[in-house]
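One line per chain: the protein sequences are A and B, in this order. Residue numbering for the first sequence follows numbering that gives the first Met the number 0, beginning at 0 and increasing consecutively. Residue numbering for the second sequence follows numbering that gives the first Met the number 0, beginning at 0 and increasing consecutively.
Protein chains: 2
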Amino acid sequence: MWDVNVATGLSVAPVGDFLAGLKRTVGAAHVIRGVDDEAAPYRRDWTGQFSGSPIAVVKPKTTQEVAEVVKLCCDHGVSMVPTGGRTGLCGGGVPIGDGTSVLISLERMNSVRHLDQDGRSITVEAGVVLQTAQERARDRGLVFPLTFGAQGSAMIGGVLSTNAGGSNVVRYGTARELCIGIEAVLPNGSVINALTGLRKDNTGYDLRDLLIGAEGTLGIITAAVFKLFPEPKARTTGFLSLAALADAPRVLNVLQDRSGGGVEAFEYMPKAAVDVICRVFPKVRKPLEDAAQTGVFFEVTSPREDDAQSADGGGTRLESLVFSALEVLMEEGIVVDAMIAQSEQQRLDLWAMREAILEAITENGPAYHMDISLPLAAVAEFVATMDEAVSEMGFQPLTVGHLGDGNLHYALSAQPGRNWADLPLARAKQAAFALLAKLNGSFSAEHGIGQSKLDVMIDLKESSQLDAMRAIKTALDPSGLINPGKLIPVPRDP
Amino acid sequence: MWDVNVATGLSVAPVGDFLAGLKRTVGAAHVIRGVDDEAAPYRRDWTGQFSGSPIAVVKPKTTQEVAEVVKLCCDHGVSMVPTGGRTGLCGGGVPIGDGTSVLISLERMNSVRHLDQDGRSITVEAGVVLQTAQERARDRGLVFPLTFGAQGSAMIGGVLSTNAGGSNVVRYGTARELCIGIEAVLPNGSVINALTGLRKDNTGYDLRDLLIGAEGTLGIITAAVFKLFPEPKARTTGFLSLAALADAPRVLNVLQDRSGGGVEAFEYMPKAAVDVICRVFPKVRKPLEDAAQTGVFFEVTSPREDDAQSADGGGTRLESLVFSALEVLMEEGIVVDAMIAQSEQQRLDLWAMREAILEAITENGPAYHMDISLPLAAVAEFVATMDEAVSEMGFQPLTVGHLGDGNLHYALSAQPGRNWADLPLARAKQAAFALLAKLNGSFSAEHGIGQSKLDVMIDLKESSQLDAMRAIKTALDPSGLINPGKLIPVPRDP
Numbered sequence: 000m001w002d003v004n005v006a007t008g009l010s011v012a013p014v015g016d017f018l019a020g021l022k023r024t025v026g027a028a029h030v031i032r033g034v035d036d037e038a039a040p041y042r043r044d045w046t047g048q049f050s051g052s053p054i055a056v057v058k059p060k061t062t063q064e065v066a067e068v069v070k071l072c073c074d075h076g077v078s079m080v081p082t083g084g085r086t087g088l089c090g091g092g093v094p095i096g097d098g099t100s101v102l103i104s105l106e107r108m109n110s111v112r113h114l115d116q117d118g119r120s121i122t123v124e125a126g127v128v129l130q131t132a133q134e135r136a137r138d139r140g141l142v143f144p145l146t147f148g149a150q151g152s153a154m155i156g157g158v159l160s161t162n163a164g165g166s167n168v169v170r171y172g173t174a175r176e177l178c179i180g181i182e183a184v185l186p187n188g189s190v191i192n193a194l195t196g197l198r199k200d201n202t203g204y205d206l207r208d209l210l211i212g213a214e215g216t217l218g219i220i221t222a223a224v225f226k227l228f229p230e231p232k233a234r235t236t237g238f239l240s241l242a243a244l245a246d247a248p249r250v251l252n253v254l255q256d257r258s259g260g261g262v263e264a265f266e267y268m269p270k271a272a273v274d275v276i277c278r279v280f281p282k283v284r285k286p287l288e289d290a291a292q293t294g295v296f297f298e299v300t301s302p303r304e305d306d307a308q309s310a311d312g313g314g315t316r317l318e319s320l321v322f323s324a325l326e327v328l329m330e331e332g333i334v335v336d337a338m339i340a341q342s343e344q345q346r347l348d349l350w351a352m353r354e355a356i357l358e359a360i361t362e363n364g365p366a367y368h369m370d371i372s373l374p375l376a377a378v379a380e381f382v383a384t385m386d387e388a389v390s391e392m393g394f395q396p397l398t399v400g401h402l403g404d405g406n407l408h409y410a411l412s413a414q415p416g417r418n419w420a421d422l423p424l425a426r427a428k429q430a431a432f433a434l435l436a437k438l439n440g441s442f443s444a445e446h447g448i449g450q451s452k453l454d455v456m457i458d459l460k461e462s463s464q465l466d467a468m469r470a471i472k473t474a475l476d477p478s479g480l481i482n483p484g485k486l487i488p489v490p491r492d493p
Numbered sequence: 000m001w002d003v004n005v006a007t008g009l010s011v012a013p014v015g016d017f018l019a020g021l022k023r024t025v026g027a028a029h030v031i032r033g034v035d036d037e038a039a040p041y042r043r044d045w046t047g048q049f050s051g052s053p054i055a056v057v058k059p060k061t062t063q064e065v066a067e068v069v070k071l072c073c074d075h076g077v078s079m080v081p082t083g084g085r086t087g088l089c090g091g092g093v094p095i096g097d098g099t100s101v102l103i104s105l106e107r108m109n110s111v112r113h114l115d116q117d118g119r120s121i122t123v124e125a126g127v128v129l130q131t132a133q134e135r136a137r138d139r140g141l142v143f144p145l146t147f148g149a150q151g152s153a154m155i156g157g158v159l160s161t162n163a164g165g166s167n168v169v170r171y172g173t174a175r176e177l178c179i180g181i182e183a184v185l186p187n188g189s190v191i192n193a194l195t196g197l198r199k200d201n202t203g204y205d206l207r208d209l210l211i212g213a214e215g216t217l218g219i220i221t222a223a224v225f226k227l228f229p230e231p232k233a234r235t236t237g238f239l240s241l242a243a244l245a246d247a248p249r250v251l252n253v254l255q256d257r258s259g260g261g262v263e264a265f266e267y268m269p270k271a272a273v274d275v276i277c278r279v280f281p282k283v284r285k286p287l288e289d290a291a292q293t294g295v296f297f298e299v300t301s302p303r304e305d306d307a308q309s310a311d312g313g314g315t316r317l318e319s320l321v322f323s324a325l326e327v328l329m330e331e332g333i334v335v336d337a338m339i340a341q342s343e344q345q346r347l348d349l350w351a352m353r354e355a356i357l358e359a360i361t362e363n364g365p366a367y368h369m370d371i372s373l374p375l376a377a378v379a380e381f382v383a384t385m386d387e388a389v390s391e392m393g394f395q396p397l398t399v400g401h402l403g404d405g406n407l408h409y410a411l412s413a414q415p416g417r418n419w420a421d422l423p424l425a426r427a428k429q430a431a432f433a434l435l436a437k438l439n440g441s442f443s444a445e446h447g448i449g450q451s452k453l454d455v456m457i458d459l460k461e462s463s464q465l466d467a468m469r470a471i472k473t474a475l476d477p478s479g480l481i482n483p484g485k486l487i488p489v490p491r492d493p
């Protein structure tokens with residue numbers, strides 16, 4: 000057993016044997032004591048909201064080393080926190096409390112093990128940065144599609160553990176849907192090697208999908224196989240003004256059907272959000288002269304060469320397909336106005352505007368961000384009802400979202416002249432969660448639970464599901480040593 | 000506790016209380032005693048290889064009734080076998096032994112609860128026959144894509160519990176990939192209601208995917224939400240002769256890229272298989288004059304209206320895309336010969352030929368069927384190595400398969416003049432499984448484990464994964480009452 004005094008932490012306790020064991024396993028150069036300056040970046044995550052001091056940061060290089068570290072921690076009764084780029088938004092990759100856990104950083108497991116050109120798959124280790132995986136695929140004329148703001152820091156292990164999404168899920172799916180094989184170390188130190196990349200494999204429980212999205216509470220993902228896709232040959236990008244948000248599913252379906260399922264981005268950008276972006280970043284130009292109350296930023300792509308060829312009208316064939324879709328939608332009165340990027344620069348400007356939103360909201364003042372999802376048919380009702388309710392409370396809703404997935408990033412800021420601290424945030428959250436429950440929505444679409452949503456989880460998640468989760472957790476990690484205090488709320492006293 | 004003598008079965012034991020409880024729960028008309036004639040169809044499955052007498056067959060109509068039946072069985076310590084169309088090939092839906100289990104047939108839970116036209120999803124109960132789900136989607140201009148031979152009898156609960164595949168997985172995915180919501184009764188009688196149909200939902204362990212493919216050993220799926228797709232507007236169907244099986248991934252990729260991912264069937268049909276079909280069904284005509292040693296039956300579809308319009312050459316635009324792909328592949332010497340169906344009748348003839356194979360092999364004589372999968376790049380090596388090995392043993396391999404998924408139905412029959420009973424089947428199986436292990440393949444691609452592959456499973460599945468499966472099973476079903484004797488092999492004595 001580990002005999003450190005967890006209440007007072009590492010500074011007062013002898014940790015010689017345990018640290019020596021870690022150093023023997025991964026090499027002395029790859030173990031940092033939690034109190035050392037070098038450990039500072041590991042004590043907090045990107046948000047700055049979550050922090051904790053580990054006993055040590057240990058950086059295994061191989062799956063075998065991860066397994067040995069896990070066994071060592073088990074032998075000493077020390078809890079473990081797997082960590083990657085720490086770009087998650089819910090505090091899943093930082094220790095809770097001080098001096099009680101070892102941080103297992105996967106950053107040195109950063110090999111791209113294999114790229115199967117014909118089979119269109121890539122095998123990457125947990126510490127590979129998302130952008131590196133994208134680049135390696137691009138070098139071979141293929142696409143590793145997962146794309147989101149933190150891709151320059153986020154690592155594959157965290158991407159899978161949080162089942163990351165992003166802006167092109169409508170086309171390619173979430174991390175879960177892209178992953179076709181996994182390697183992991185279970186809480187008892189045994190290794191699962193299921194890196195087959197098989198498209199069909201019905202031989203027992205789906206341990207891969209159980210580990211994906213488990214936020215490191217059931218084991219440590221060490222490597223994975225992902226599907227790759229052919230690079231688009233043509234792109235058409237634009238901005239629409241819709242008559243009503245309720246028409247968005249129709250717009251999406253018409254664009255999808257005309258383009259053969261080519262919609263790669265379908266993002267909600269209402270007037271309030273665009274206004275904030277233009278205010279904070281004065282160089283950004285509104286995509287439409289008359290600000291669109293219900294704006295949608297979209298991109299349609301095609302891997303077909305013939306779609307990149309010139310059509311009768313002058314643009315590409317893909318562009319003409321998009322035009323024909325918009326023609327139909329304008330005749331129906333559903334699309335009120337539209338702009339199509341006429342150059343790569345215009346396209347990049349639109350993307351830059353979309354990607355500026357989080358920073359713009361942050362610059363704009365205090366805000367509370369919700370990452371929620373709804374059935375497509377219920378999005379309009381949610382937005383209308385909530386906007387009205389929170390406006391009456393003094394909030395200014397600043398919503399954007401991956402509309403094609405029914406995923407809204409619903410942010411509350413203070414109305415001009417209102418003091419954020421005086422606003423009834425708890426009441427607004429309660430209203431949102433009640434409405435989500437009514438409309439069959441989710442209180443965490445793509446960011447996960449981590450530490451930050453445990454209280455919401457225990458209120459909103461079915462007890463039958465929470466009980467099943469706890470039973471599975473206990474079955475695989477009976478001592479509760481893997482990433483404690485994350486994802487699974489402690490039951491409240493009745 | 001249940002006091003029936005399980006060794007002697009129902010006929011000698013009083014079951015009054017328990018049967019009365021079942022009848023109170025679902026209505027007397029919906030409980031059949033296992034010994035009654037009416038129960039005969041429930042005692043065996045479609046293959047005829049698996050049979051067992053239940054204590055009773057009980058047919059709940061609602062999720063609540065399923066939950067009450069499960070609780071009643073728990074209270075009496077009676078094991079339960081969920082069952083649907085019993086078209087599975089591995090004996091998952093039939094009781095093991097006689098007089099020890101209750102068969103819970105989901106056949107009366109046969110409502111299509113909801114079809115969301117704009118959101119393109121359908122919510123169906125477990126007892127809905129697959130073909131009914133397909134028809135209901137088609138009535139609304141949409142496609143429920145899952146397609147396989149038994150679709151007229153297979154029910155949704157079994158489709159999900161076995162993670163069924165079929166011939167269009169290359170385009171639309173397996174049952175798992177199509178399912179976006181689930182409702183189930185857990186072994187303790189609690190109900191999971193996750194029928195949201197959300198495209199993104201990161202709130203805890205993925206219980207949906209854990210139940211899918213669990214073959215009813217972790218609970219009873221009562222309803223599910225599936226993605227729907229737009230109906231194809233154009234189809235091009237044909238038959239190719241390839242220079243070598245190793246070129247198949249290249250052929251698939253070129254067809255995919257030219258058509259924008261439109262390949263809906265990509266089926267391996269080598270000469271030996273086509274010959275058997277033509278011998279057993281003399282009316283079937285070979286698709287190519289010179290029998291193709293390496294034949295591939297394919298279908299490419301497109302949901303785009305413009306692909307159904309006439310191209311310059313006279314056929315549809317989609318057809319011209321396929322022709323352009325074949326032109327490239329013929330120039331490269333990869334495709335040796337090709338035929339394209341010129342009428343709907345020719346297309347149906349090709350499909351009929353593909354679908355006749357199982358019956359043809361069965362008529363041809365005794366055979367052993369393997370349902371395996373491989374990384375695409377390893378398929379050719381497997382086939383070449385195995386064909387040579389088993390031919391030397393006196394077998395005639397009769398292989399077909401969903402080549403686009405790396406899924407082979409590798410069947411062994413006796414060479415003409417050889418006596419099946421004399422052939423070394425155990426040695427051939429051993430060779431196949433060893434080669435599969437070497438090539439990172441799977442010994443059960445789409446049929447599952449059930450009862451029939453437990454012995455293979457214990458030899459070939461990693462012990463770390465088997466241990467994790469057993470831990471999860473014990474956690475959710477501590478008394479082992481849900482579908483005992485399926486999917487999870489009993490550990491062998493060391």
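Beta carbons: idealized from backbone N, C-alpha and C, even for Gly. These numbers come from a predicted model, not from an experiment.
Check: Environment of Gly-140 (chain A) [buried if 16+ CB atoms lie within 10 Å]; Outcome: exposed
Check: Cross-chain neighbours of His-408 (chain A) in chain B, by beta carbon under 9 Å; Outcome: In chain order: nothing, as chain B lies at least about 11 Å away.
Check: Whole-angstrom distance between Lys-22 (chain A) and Ala-28 (chain A), CA atom to CA atom; Outcome: 8 Å
Check: Spatial distance of Ile-371 (chain A) from Gly-26 (chain A) (CA atoms); Outcome: 43 Å
Check: Thr-173 (chain B) at chain A interface by Cβ criterion, 8 Å; Outcome: yes
Check: Cα-Cα separation, Ser-50 (chain B) to Ser-441 (chain B); Outcome: 27 Å
Check: Ser-78 (chain A) - partner residues in DSSP beta bridges; Outcome: A:Ser-100
Check: Within 9 Å of chain B by C-beta, residues of the region 457-468 of chain A in sequence order; Outcome: Leu-459, Lys-460, Glu-461, Ser-462, Ser-463, Gln-464, Leu-465, Asp-466, Ala-467, Met-468
Check: Contact set for Thr-61 (chain B): own chain, Cβ-Cβ below 8 Å, skip 5 residues either direction; Outcome: Met-108
Check: Inter-residue Cα distance where the pair is Val-65 (chain B) and Val-158 (chain B); Outcome: 18 Å
Check: Neighbourhood of Arg-85 (chain B) by C-beta, 7 Å cutoff - its chain only, sequence neighbours within 5 removed; Outcome: Asp-44, Trp-45, Gly-92, Val-93
Check: CB contact check: Gly-212 (chain B) to chain A, cutoff 8 Å; Outcome: yes
Check: For Asp-256 (chain A), the first and last residue of its enclosing alpha helix (DSSP H); Outcome: 247-258
Check: Chain-order list of residues whose beta-carbon lies under 7 Å from that of Ala-427 (chain B) (same chain, five-residue window excluded); Outcome: Val-389, Met-392, Phe-394, Leu-411
Check: Opposing strand residues paired with Thr-398 (chain A) [DSSP bridges]; Outcome: A:Tyr-409
Check: 8 Å Cβ cutoff, Ala-6 (chain A) in contact with chain B; Outcome: Per-residue confidence for Ala-6 (chain A) stands at a pLDDT of 41, beneath the threshold of 50, marking its modelled position as unreliable; no derived number is given.
Check: Range of the contiguous beta strand (DSSP E) that encloses Phe-147 (chain A); Outcome: No beta strand (DSSP E) holds Phe-147 (chain A); DSSP gives it neither H nor E.
Check: Gly-403 (chain B) in three-state terms, based on DSSP; Outcome: helix
Check: Minimum C-alpha distance to Ala-153 (chain A) - residue among A:Arg-112, A:Ala-351, A:Gln-133; Outcome: A:Gln-133
Check: Cα-Cα separation between Val-283 (chain A) and Ala-355 (chain A), rounded to whole angstroms; Outcome: 9 Å
Check: The region 213-222 of chain A touching the region 179-192 of chain A, judged by at least three CB pairs closer than 8 Å; Outcome: yes
Check: Chain A contact for His-113 (chain B) (CB, 8 Å cutoff); Outcome: no
Check: Chain B within 8 Å of Val-299 (chain A), Cβ atoms only; Outcome: no
Check: Counted within 10 angstroms of its Cβ, other Cβ atoms place Glu-510 (chain B) as buried (16 or more) or exposed; Outcome: With chain B covering only 0 through 493, there is no way to say anything about residue 510 (chain B).
Check: Alpha carbon of Asp-205 (chain A) to alpha carbon of Asp-311 (chain A), nearest angstrom; Outcome: 50 Å
Check: Contact under 8 Å by Cβ, Ile-360 (chain A) with Cys-89 (chain A); Outcome: no
Check: Three-pair Cβ contact test at 8 Å for the region 171-190 of chain A versus the region 267-276 of chain A; Outcome: no
Check: Residue-chain proximity (Asp-311 (chain A), chain B), Cβ-Cβ < 8 Å; Outcome: no
Check: Contact under 8 Å by Cβ, Leu-227 (chain B) with Phe-297 (chain B); Outcome: no
Check: Interface residues of chain A facing Asn-363 (chain B) [CB-CB closer than 7 Å]; Outcome: Within chain A, no residue comes near Asn-363 (chain B); the closest Cβ sits about 26 Å away, beyond 7 Å.
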